[in-house]
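Novice: Residue numbers (our numbering), protein chains in the order written: chain A, 15 to 330; chain B, 5 to 538; chain C, 1110 to 1445.
Think of the CB as a built atom: it goes at the ideal place given N, C-alpha and C, for glycine as much as any other residue.
Remember, predicted model here, so these are calculated numbers, not experimental data.
The structure's right below; bear with me while I get my questions together.
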Amino acid sequence: MLEVRGLSVDYLSNGTALHAVENVSFKVEKGRSIGLVGESGCGKTTTMLSLLRLLPADGRIVSGQILYDGMDLLQLSEHEMRGYRWNRIAIVFQGAMNALNPVRKIGDQIAEAIQLHDRLDNRETRQRVGELMEMVGIAPERARQYPHQFSGGMRQRAMIAMSLACNPDILIADEPTTALDVMIQAQILDLLQQLQSQLGLSIVLVTHDLGVVAELCDDVLVMYGGKVAEYGDVDTIFNNPAHPYTRRLLEAFPDVDSPTSTLASIPGYPPPLDNLPAGCRFEPRCYRKTDLCTAVSPDVIEIKPRHFVACHHAEE
Amino acid sequence: MRSKSKKFVVAMLIFAMLGLGIVVNAQDATTTLRIGTTYMIDTLGPGSGYYGYDIRGLFYETLVEAADNNNVEPGLAESWTVSDDGLTWTFKIREGVTFSDGTPLTAADAAWSINWIIENQVVSMVSYLAFVESAEAPDATTLIMNLSEPVSNMISSKLLYVYILPPHIWEGKTAEEIAEFNEPESTIGAGPYHLVEHQPDEYMILEANDNYWRGQPPVDQIIYQQYSTEDALVQALAAGEIDLAKVLPTSGVQTLEQTENVQVIKTTGLNFLQLSMNVSEDGTQPASMRDPQVRLAIDHAIDREQIVTVGYFGLAEPAEILFPPAMAQWRNTDIQIVPFDIAEANRILDEAGYADTDGDGIREDADGNPLEYRLAGPDSDAYYPRILEIISDGLSQIGISALPYTQSTESLTVLQVDYDYDMILWDWGIDADPHFLTSVFTCAEMADGGWNDTGYCNPEYDALFQTQATATSDEQRRDALWKIQQMIFDDRPWIILVYPQAISGYRSDRFTFDPNLPNALLKWGLFTGFSIVQ
Amino acid sequence: MQFDYLLRKVFFAVITLIVVIVFNFFLFRILPGDPVKLLFRNPRLTREAQELIRVQFGLDKPVWLNIERLSAGDIPGALDSQFTAYIHNLLQGKLGISFTNRQDVGEVLSERVWRTVLLVFSGELLAIVMGVVVGLVAAWKRGTAIDSAALFIGLLTWALPTFFLGIILLILARGILPTGGMVTPGLAEEGTLEYWIDVGRHLILPSLTLAVVSASGYMLIMRSSVVEVLSEAYILTAKAKGLSNARILFSHALKNAMLPMITIIALTLGYVVGGAIQVETVFSWPGIGRLIYDSVAKQDYPVLQGAFLLLAVSVILANLTADILYSVFDPRVKVT
Ligand SMILES: Nc1ncnc2c1ncn2[C@@H]1O[C@H](COP(=O)(O)OP(=O)(O)O)[C@@H](O)[C@H]1O
Ligand SMILES: [Mg+2]
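Structure, rendered in structure tokens:
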């Protein structure tokens, strides 16, 4: 349904182009969910914003295609693009603190999206807002309240309710649970899972929590340094990881049921954008690196059907 | 007077100097003369008003009146005599005069007014009746004033400012009520116009008094419109919003001379620019400032021609003598002026023993104190700093350091009354009669609230002043005044710098004013050849 | 809004007012010099007459306390001072009599205050509208030529002396618009349509001058406020919703960006009664600003005290209004 082909994104900083995302390809299929994992700064958010063409002013999509039912979103006019936003692809941002406008009522903010895309009258809109709020477990009366009167978890629920306002096909959730406490995190994730099965949504879940991915997703895209490291279905990735980075990630999560551990347990840091290695991006931190890795950046290859890896030593 | 009081004195001066003949041609329609001004009147009542005398003069009549060329003409008094001892004045009061509300005016009203002013100590007028003990009216046309001492300028000055008022308006009011009575009725007098509308700081509308004794006033209506700045007057005159502006800034002359239908009038009048020198015995000035030789040297070092050019765009004349040429009757024409001469100034200082002993370019006195002076001027106009600069330049060439600076007239006044200054630049506007001007240098004026701004105190001078005040003949008075001028010139408590030209302007498409008829803008001028253009 | 909150704000306002009343009295009395000496430095005034005036205005009394009487144990005599007279008058609602024109200060002020409010209010209103609109556009078009032009013109007009701008406008409009004053004397009866049209014509230049010089301040604040708001996450949410730029700007950015403006606007309007000395001077507008200016020069204490009391009351009220408005506009402000 949504296919990203060879997406590359640069940020312009003081006249130099920083390659934040390079040649990323993946597919979001109907009713399936895909997990996007990788450490902070890997280009996950940048990729998601590109899908909706919402990059900040200094971001440029330099190449690639974003095909939605075969239509390249990058070729649309700004006006046409607006018709896709929320209506087809909705997004829930990282950290719900400021994603809602503090001076407007929750209900109005939800209603705004409905009226923009669905042209319902006021009464119908109000009713729909009520349904949506119930769906995410908030009492409909609270539509009249302001964001500051909601707790963090409630706000994220409200965001999810809002994201569902126009019955989108795809819901992007960019780290929807960071900054929430553990109990609430689990509730929100349950909610997402439940909504997915109930509404037949495709979900793109950005996270660095592999436990969540294992539980929620059908496919997994592992990103490192703005590039695809490994891409395949959840079983393949978890049972037969081929990329050393994926393996390291999995090792950092010995227990899939204890999502509290962090990724910081991999020694070293992702490469800074203004000083990328010449060869494989992971090479400086890799336990299997060879001279080839230092010199040549590996292409993404399909080592098995629907299992893609970018590593010179993937098949060893 | 200082710039502040300068306003009202300039008003009087203009009143006295601009004989603007106005010829009225329009017959049926109401004729209106619109006068632009930067100040109008402080209080409507005559009892506590300190400025706006040109306007007050339209409301009230006086016994005698200022006319052309600083002459005095009969007003309500047709004629007068004074006893040989100078103590009894007898006036013949005109018959058939009425106040603007129709009540007749007789000698009894004149006597009542004078007694009322004295009894109530009416602050705006009582000083003009000094030495007057009482007034009486033995019949309807005779007024007698009894004095305790002769007063030389009774006619030429004092009585010009004493209004004859209607008793039925003022009788029985307390001093406070007199001061605060601010209703339009308080402007009822026997003058050619009466007040119709007054918006403080905005405008006044005056209407002709049909019963005026000199005859029907030539314009039906006079409107005074107040502007905040003289620059605005220039614009208003150029735009034709006003017909006449009596006081215009020199900076506006060029614009106005190029404007069609605007006629500019320049007159040298009763004003001058002067430098006050602190000669006080208990002032804060350096001791050298009290040395007349230093002041003489300073006088030599001031380039007056340059002040005229740079400060006044040429619209002034270099000056030396206390009495400007407009006071021809009293002016001492024998005084030998000192030329601009840096070499001579240096020579005087050398001779007086002021040498630059430490080689810093500034002379020191015998005690080693440098000739360093504060040189102040008002900040109210742009030409003051330019002039201060010229003076300072000249002084630097004779080894005197004088740092020029400007301040508000109010703070300068405060410094000056405390003799806490060295040199201050001031503009003065004065009466045609020299009494007040010469009083400034008397010892008596050094008292609190007095006018002596330099601390000059000289018994010889005070005697001369007394002589001119009580002289019973013009010759006697002139003799004293000539000596006074010479004495001020020699002692230099003031150094007179220039006589600036007074600038007025009018719309020649509405009125014609004869610039050769230099006197009494309104009241007098209105009845002595004023014409309205079609 | 909680009553409690309001009550406390009002309480502090009253305290402030009392402090102002006392301060007001002493403020002008520390000016160097003596009002009678300055005001009546006039050859028509004999020294006896000056003394008379001093007594009339109560300036012969001690300013604060009669120390001599106090040490003599005469308490009422000690309290017979200028200050007690001032408080006594004030309690009776009297602001005193002007030294200069002998008119009741209350009347003088009430006559002038509406003229000043008319001028400053219309000028500031125009400035606010211009500032808000240009600031909004500049922020939205940040980094473009439009933004740079707005900034340049803003800084230029900000640096432009009011006097200079006023005189330029005055000369440019000479013959088209009146050069000064508030009405054409004798043209129309007060209150008629013709009168108000005349006032309107006189109002154009001064309010425009005021607007141009103060608009840039609003513009710069508005611009930075909008720039800040536009970087907020909820703006990205609004974009993601598919809203058009205009809707994002007006229904999401504007209200948030206006929050800092509300305080500034309310406080500015509080100073409205203080007038605009420079504009009032250039255009001969007979307002409070010029009255204060002239009265300072003449040390006309009663007028100054009255004017500053008026100003203080209006600033205090404006502060109160700002607090209340802010809590109305921003639901986050807890009014407790
Ligand atoms: N507006 C921007 N300008 C320049 N660099 C940016 C900008 N936004 C993100 N980046 C950089 O792009 C890289 C990818 O960022 P991001 O997509 O936010 O990563 P992730 O979501 O995986 O943490 C990071 O190195 C980040 O510093
Ligand atoms: Mg991110």
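1) Quick check on the burial criterion: 16 or more other C-beta atoms within 10 angstroms. Buried or exposed for histidine 172 of chain B?
2) Let me check one thing: in DSSP terms, what residues is arginine 99 of chain A bridge-paired to?
3) Out of curiosity, what's the CA-to-CA distance linking glutamine 125 of chain B and isoleucine 227 of chain B?
4) Below 7 Å, is the gap between the Cβ of lysine 1118 of chain C and the nearest heavy atom of ligand 1?
5) What number of angstroms, rounded off, separates the C-alpha of valine 28 of chain B from the C-alpha of asparagine 186 of chain B?
6) Based on Cα-Cα distance, which residue from B:Ala111, B:Leu48 and B:Glu184 lies nearest to alanine 144 of chain B?
7) What would DSSP say about glycine 330 of chain B, mapped onto helix, strand or coil?
8) Following the continuous beta strand (DSSP E) through lysine 250 of chain B, name the residue where it begins and the one where it ends.
9) Tell me which residues of the region 158-190 of chain A have at least one Cβ-Cβ distance to chain D shorter than 7 Å, keeping chain order.
10) Decide if glycine 282 of chain A is buried, meaning its Cβ has at least 16 other Cβ atoms within 10 Å, or exposed.
11) Check this for me: beta carbons of serine 47 of chain A and aspartate 232 of chain A, under 8 Å apart or not?
12) Hey, glycine 1215 of chain C and glycine 1398 of chain C are a contact pair by Cβ (cut 8 Å); roughly how many whole angstroms apart?
13) Give me the chain C residues within the contact set of aspartate 235 of chain B, using Cβ-Cβ distance strictly less than 9 Å, ordered along the chain.
14) For the beta strand (DSSP E) that contains aspartate 233 of chain A, what are its first and last residues?
15) Are the CB atoms of arginine 142 of chain A and leucine 130 of chain A within a distance shorter than 8 Å?
16) Beta carbon of glutamine 123 of chain A, beta carbon of methionine 176 of chain A: below 8 Å?
17) If you measure beta-carbon to beta-carbon, which residues of the region 1355-1373 of chain C are closer than 7 Å to chain B?
18) So which residues of chain B does glutamine 1212 of chain C contact, with C-beta pairs closer than 7 Å?
19) Rounded to the nearest angstrom, what separates arginine 390 of chain B and proline 382 of chain B at their Cα positions?
20) Does arginine 295 of chain A come out as helix, strand or coil in the three-state DSSP assignment?
21) Where does leucine 1302 of chain C land, buried or exposed, given buried means 16+ other C-beta within 10 angstroms?
22) Considering only residues of the same chain and omitting the five flanking positions on each side of glutamate 181 of chain B, which have a CB-CB separation below 6 Å?
23) Counting Cβ pairs, one atom from each stretch, are 3 or more of them under 8 Å apart for the region 443-457 of chain B and the region 266-276 of chain B?
24) Rounded to whole angstroms, what is the Cα-Cα separation between leucine 1228 of chain C and glycine 195 of chain B?
25) Ends of the alpha helix (DSSP H) at lysine 1364 of chain C?
26) Run the CB neighbour count on asparagine 282 of chain B, radius 10 Å, all protein chains shown included, and call it buried at 16 or more, exposed below.
27) Comparing the CB of lysine 1075 of chain C with every heavy atom of ligand 1, is any distance shorter than 7 Å?
28) With a cut-off of 8 Å, does the C-beta of leucine 1339 of chain C fall near any C-beta of chain A?
29) What does glutamate 206 of chain B touch in chain C if you count any residue whose Cβ is under 8 Å from its own?
30) Is there a C-beta anywhere in chain C that falls below 8 Å from the one on isoleucine 209 of chain B?
31) What residues in its chain sit with their C-beta under 6 Å from that of arginine 299 of chain A, if we drop five residues either side in the sequence?
32) Contact between the region 325-340 of chain B and the region 488-508 of chain B: three or more CB pairs below 8 Å?
33) Please confirm if serine 275 of chain A has its CB atom under 8 Å from at least one CB of chain C.
34) Can you give me the C-alpha to C-alpha distance between asparagine 1133 of chain C and valine 1217 of chain C, rounded to a whole angstrom?
35) Grab the span of the alpha helix (DSSP H) containing leucine 485 of chain B for me, first residue to last.
36) Spell out a yes or no on whether the region 1333-1349 of chain C and the region 1357-1366 of chain C are touching, meaning 3 or more CB-CB pairs, one atom from each, closer than 8 Å.
Specialist: On the basis of the data shown:
1) By one-based count along the second sequence, residue 172 of chain B stands at place 168. Around the beta carbon of histidine 172 of chain B, fewer than 16 other beta carbons sit within 10 angstroms, so the residue counts as exposed.
2) Residue numbering aside, residue 99 of chain A sits at position 85 when the first sequence is read from its first letter. In the DSSP secondary-structure assignment, arginine 99 of chain A is bridged to A:Ile103.
3) Translated into the one-based positions of the second sequence, residue 125 of chain B becomes position 121. Translated into the one-based positions of the second sequence, residue 227 of chain B becomes position 223. So the alpha carbons of these two residues sit roughly 32 Å apart.
4) Along the third sequence, read from residue 1 onward, the residue named residue 1118 of chain C stands at position 9. No; taking the cut-off as 7 Å, the Cβ of lysine 1118 of chain C has no heavy atom of ligand 1 nearer than that.
5) As a first step, residue 28 of chain B is located in the second sequence; it is residue number 24 there, counting from the start. As a first step, residue 186 of chain B is located in the second sequence; it is residue number 182 there, counting from the start. With a pLDDT of 38 at valine 28 of chain B, under the threshold of 50, the modelled position of that residue is not reliable, and no figure is offered here.
6) As a working mapping, residue 144 of chain B is identified with position 140 in the second sequence. Out of B:Ala111, B:Leu48 and B:Glu184, the CA that lies nearest to the CA of alanine 144 of chain B is found in B:Ala111.
7) Numbered from 1 along the second sequence, position 326 holds the residue referred to as residue 330 of chain B. Looking at the sequence provided, one finds alanine at residue 330 of chain B rather than glycine. In this structure, DSSP gives alanine 330 of chain B a helical state, which the three-state scheme calls helix.
8) For the purposes of this step, residue 250 of chain B is taken as the residue at position 246 of the second sequence. For lysine 250 of chain B, the uninterrupted beta strand (DSSP E) segment begins and ends at 248-252.
9) Absent here is chain D; the protein component of the structure consists of chains A, B and C.
10) To locate residue 282 of chain A, count along the first sequence from 1; it is residue 268. By the 10 Å Cβ count, glycine 282 of chain A comes out exposed.
11) As a working mapping, residue 47 of chain A is identified with position 33 in the first sequence. As a working mapping, residue 232 of chain A is identified with position 218 in the first sequence. The beta carbons of serine 47 of chain A and aspartate 232 of chain A sit closer together than 8 Å.
12) For this step, residue 1215 of chain C is matched to residue 106 along the third sequence. For this step, residue 1398 of chain C is matched to residue 289 along the third sequence. 18 Å between Cβ atoms; not a contact.
13) What you label residue 235 of chain B is simply residue 231 of the second sequence in a count that begins at 1. Listed along chain C are Ile1276, Leu1279 and Val1391, each with a C-beta nearer than 9 Å to that of aspartate 235 of chain B.
14) Looking up residue 233 of chain A in the first sequence gives position 219. Unbroken beta strand (DSSP E) run through aspartate 233 of chain A: 233-238.
15) Your numbering for residue 130 of chain A matches position 116 in the first sequence. Your numbering for residue 142 of chain A matches position 128 in the first sequence. It is not a contact, given that the beta carbons lie outside the stated cut-off.
16) Along the first sequence, read from residue 1 onward, the residue named residue 123 of chain A stands at position 109. Along the first sequence, read from residue 1 onward, the residue named residue 176 of chain A stands at position 162. Going by C-beta atoms, glutamine 123 of chain A is nearer than 8 Å to methionine 176 of chain A.
17) For the region 1355-1373 of chain C, the beta-carbon criterion of a distance under 7 Å to any beta-carbon of chain B is satisfied by none of its residues.
18) On the third sequence, position 103 is the one that residue 1212 of chain C refers to. Ordered by position in chain B, the residues that pass the 7 Å Cβ test against glutamine 1212 of chain C are Asn186.
19) Locating residue 390 of chain B in the second sequence gives position 386, where the first residue counts as 1. Locating residue 382 of chain B in the second sequence gives position 378, where the first residue counts as 1. Approximately 11 Å between the Cα atoms of the pair.
20) Taking the first sequence and counting its residues from 1, one reaches residue 295 of chain A at position 281. Secondary structure at arginine 295 of chain A: coil, using DSSP grouped into helix, strand and coil.
21) In the third sequence, counting from the first residue as 1, residue 1302 of chain C sits at position 193. Exposed.
22) Looking up residue 181 of chain B in the second sequence gives position 177. The beta carbon of glutamate 181 of chain B sits closer than 6 Å to no other beta carbon from its chain once the five residues preceding and following it are set aside.
23) The region 443-457 of chain B is not in contact with the region 266-276 of chain B.
24) Residue mapping note: residue 1228 of chain C aligns to position 119 of the third sequence, counting from 1. Residue mapping note: residue 195 of chain B aligns to position 191 of the second sequence, counting from 1. Near 38 Å, if we compare the C-alpha coordinates of glycine 195 of chain B and leucine 1228 of chain C.
25) Working through the third sequence from its first residue, we reach residue 1364 of chain C at position 255. Taken as a continuous stretch (DSSP letters only), the alpha helix (DSSP H) holding lysine 1364 of chain C covers 1363-1379.
26) As a position in the second sequence, residue 282 of chain B is number 278, starting the count at 1. Under the 10 Å beta carbon count, asparagine 282 of chain B is surrounded by 16 or more other beta carbons and is classified as buried.
27) This structure does not reach residue 1075 of chain C, given that chain C is present from 1110 up to 1445, and the question cannot be answered.
28) Along the third sequence, read from residue 1 onward, the residue named residue 1339 of chain C stands at position 230. No, leucine 1339 of chain C lies away from the interface with chain A (no Cβ there is under 8 Å from its Cβ).
29) Within the second sequence, residue 206 of chain B is the residue found at index 202, counting from 1. The contacting residues are Gly1290, Met1291, Val1292, Pro1294 and Pro1395.
30) Start at 1 with the first residue of the second sequence, and residue 209 of chain B comes out as number 205. At least one chain C Cβ lies under 8 Å of isoleucine 209 of chain B.
31) Taking the first residue of the first sequence as position 1, residue 299 of chain A is located at position 285. Excluding positions up to five away in sequence, the list reads Gly282.
32) Yes, they touch.
33) Here residue 275 of chain A refers to the residue found at position 261 of the first sequence. For serine 275 of chain A, the predicted model reports a pLDDT of 49, less than 50, meaning its position is unreliable; a value from the coordinates is still stated below. So no, serine 275 of chain A is outside the interface.
34) Working through the third sequence from its first residue, we reach residue 1133 of chain C at position 24. Working through the third sequence from its first residue, we reach residue 1217 of chain C at position 108. In this structure, the alpha-carbon of asparagine 1133 of chain C lies about 18 Å from that of valine 1217 of chain C.
35) By one-based count along the second sequence, residue 485 of chain B stands at place 481. Counting along the chain, leucine 485 of chain B sits inside the alpha helix (DSSP H) bounded by residues 478-495.
36) By the criterion of at least three beta-carbon pairs nearer than 8 Å, the region 1333-1349 of chain C is in contact with the region 1357-1366 of chain C.
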